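Read the structure below first, then the notes.
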Amino acid sequence: MSEKTLTMKLLKGKYGVCRLDKTDLIPEWAQNSDFISITRTLDELSIVCAEESIPGHVKCEKDWRILKIEGPLDFSLIGILAKISTILSEKRISIFAVSTYDTDYILVKNKDIDSAIAALVNEGNEIMDYVNSDGFMEQ
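For the sequence shown, position 58 (counting from the first letter as 1) is numbered 58 according to my numbering, and the numbering increases by one without interruption.
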């Protein structure tokens with residue numbers, strides 16, 4: 001076990017990753033969430049938001065949980081996402097990453113969240129506000 005490297009916080013709720021057409025306007029329903037990430041590319045409009053806000057007709061992948069890396073992180077820091085993705089890939093856990101100006105967010109499927117957090121803690125990271133599937137608060 002290594003020394004503590006990162007502090008993360010598990011956000012409440014479940015989230016969905018949506019794919020809309022590249023020409024679509026940003027929908028009103030996407031803005032009803034504490035966490036929203038909107039990315040427009042030449043190919044698509046991608047939105048991450050609370051899954052209960054997503055209408056049934058929208059193409060999406062639901063049941064994601066979000067781990068926020070406590071920041072702000074300095075732009076000169078190297079390898080944060082690589083370190084986390086390596087730890088989780090060794091446990092065969094896929095991620096969806098979102099970066100902002102201040103920090104990074106790691107989305108993990110709800111079915112994998114306990115295993116992901118155990119792997120991250122085992123590598124010396126701290127997870128705040130985590131209640132495991134047995135109902136126990138983890139620190």
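Think of the CB as a built atom: it goes at the ideal place given N, C-alpha and C, for glycine as much as any other residue. Note that the coordinates shown come from a computational prediction; the quantities given were computed from them, not determined experimentally.
Going by CA-CA distance only, name the one from the options that's closest to residue i.
i, options, result
"LEU20", "ALA30, ASN122, LEU107 and ALA82", "ALA30"
"CYS18", "PRO27, LYS12, LEU10 and LEU11", "PRO27"
"ILE66", "ALA82, ASP114 and PRO55", "ASP114"
"TYR101", "LYS59, LYS83 and SER37", "SER37"
"LYS62", "LYS14, PHE35 and GLU123", "LYS14"
"ILE117", "ILE84, ILE47 and GLY56", "ILE84"
"GLY16", "PHE96, MET8, LEU42 and THR41", "PHE96"
"TRP64", "ASP112, LEU77, ASN122 and GLY124", "ASP112"
"ASP34", "ARG40, THR41 and LEU11", "LEU11"
Could you pull out every residue in the same chain whose Cβ sits closer than 8 Å to the Cβ of residue i, ignoring the five residues on either side in sequence?
i, result
"ALA119", "ILE87, LEU88, GLU90, LYS91 and ILE93"
"GLU44", "ARG19, LEU20, ASP21 and LYS22"
"ILE80", "LEU6, ILE69, LEU73 and ASP104"
"LYS9", "LEU67, LYS68, GLU70, ILE127, MET128 and ASP129"
"LYS59", "CYS18, ARG19 and LEU20"
By Cβ distance below 7 Å, which residues in the same chain neighbour residue i in space, the five residues on each side in sequence not counted?
i, result
"THR23", "none"
Using DSSP bridges, identify the partner residues of residue i.
i, result
"SER85", "Answer by DSSP bridge pairing: none, since SER85 is not bridged."
"ALA50", "TYR15"
"ASP104", "SER99"
"THR39", "SER46"
So residue i is in the beta strand (DSSP E); what residue range does that whole segment cover?
i, result
"SER99", "95-99"
"THR7", "7-10"
"ILE127", "126-128"
Under 6 Å Cβ to Cβ from residue i, same chain only, skipping five residues before and after it: list those, please.
i, result
"ASN32", "SER53"
"ILE47", "CYS18, ALA30 and ILE38"
Quick one: give me the first and last residue of the alpha helix (DSSP H) that residue i is part of.
i, result
"ASP114", "113-122"
Is it the case that the segment 70-83 contacts the segment 43-62, given that we only count it when at least three CB pairs across the two stretches are under 8 Å?
no
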